[in-house]
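Enquirer: This is the structure I have questions about; it appears just below.
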């Protein structure tokens, strides 16, 4: 909300008004609640799994691989101490030399999407590209979770059924 809008709301008697400096687009892209006609459209943040394994860039592949498999996953997101996504370790990278550091084995700069993206749009894109999962991050690159294509498709079907 703009400073002008915050001032106007205060003038109308609203006691707790906050000026969200980054703006409306950032608010929505961060997966924060919205209102209006698009608020009910299923978004990818709704289906992102937050339990996706993460590791630091300096961890050895051997330790990461063991932890990932024990958790029942086939990939691990490499993040820094602030949970900013740096890379991705998929099955191929997890099968690499066990003594290699994650930062040396990872796929750099994986594609990421914001939580407010419509699930139907991303499901179509994932299908066209043959992608099984997508990383969901905040606008500043912090990991929200991982969206599996089947979940994106489920959310897209839900949206279609609600439209009738």
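Residue numbers (my numbering): 288 to 451. By construction, the Cβ of each residue, glycine as well, lies at the ideal position given by its N, Cα and C atoms.
#1: Which one or two residues does DSSP pair with residue 400 in a beta bridge?
#2: What's the C-alpha gap between residue 438 and residue 384?
#3: Could you check what DSSP says for residue 433 in three-state terms: helix, strand or coil?
#4: Grouping DSSP H, G and I as helix and E and B as strand, with all else coil, what is residue 345?
#5: With a Cβ-Cβ cutoff of 7 Å, do residue 400 and residue 420 count as a contact?
#6: Contact between the region 357–364 and the region 375–383: three or more CB pairs below 8 Å?
#7: Out of 345, 436, 303, point me to the one whose CA is closest to residue 485's CA.
#8: Roughly how many angstroms separate the alpha carbons of residue 243 and residue 351, rounded to a whole number?
#9: How about residue 336 and residue 433: are their beta carbons less than 7 Å apart?
#10: With a cut-off of 8 Å on the beta carbons, I'd call residue 345 and residue 388 a contact; round off their distance for me.
#11: Of all the options 303, 359, 402, 334, which has the alpha carbon lying nearest to the alpha carbon of residue 427?
#12: Go to residue 428, then tell me how far its beta strand (DSSP E) extends in each direction, as first and last residue.
#13: Could you tell me which residues DSSP pairs with residue 364 in its beta bridges?
#14: Report the rounded CA-to-CA distance for residue 334 versus residue 423, giving the unit in angstroms.
Expert: Short version:
#1: BP columns for residue 400 point to 423.
#2: Their Cα atoms are separated by approximately 32 Å.
#3: In the structure shown, residue 433 sits in a strand (DSSP, three-state: E or B).
#4: Note: residue 345 maps to coil in three-state DSSP.
#5: Against a cut-off of 7 Å, the Cβ pair of residue 420 and residue 400 comes out as no contact.
#6: Yes, since at least three Cβ pairs between the region 357–364 and the region 375–383 fall closer than 8 Å, the two stretches touch.
#7: Lying before the first or after the last residue shown, residue 485 is absent from the chain, which here runs from 288 to 451.
#8: In the structure as shown, the chain begins at 288 and stops at 451. Residue 243 is therefore absent and cannot be evaluated.
#9: For residue 336 and residue 433, yes; Cβs fall inside 7 Å.
#10: Cβ atoms of residue 345 and residue 388 come within 8 Å of each other, at about 6 Å.
#11: Of the listed residues, the one whose Cα sits closest to residue 427 is 402.
#12: Neither: residue 428 is in no beta strand (DSSP E) and is coded neither H nor E.
#13: Partner residues in the beta bridge of residue 364, as assigned by DSSP, are 341, 375.
#14: Spanning the two alpha carbons is a distance of roughly 10 Å.
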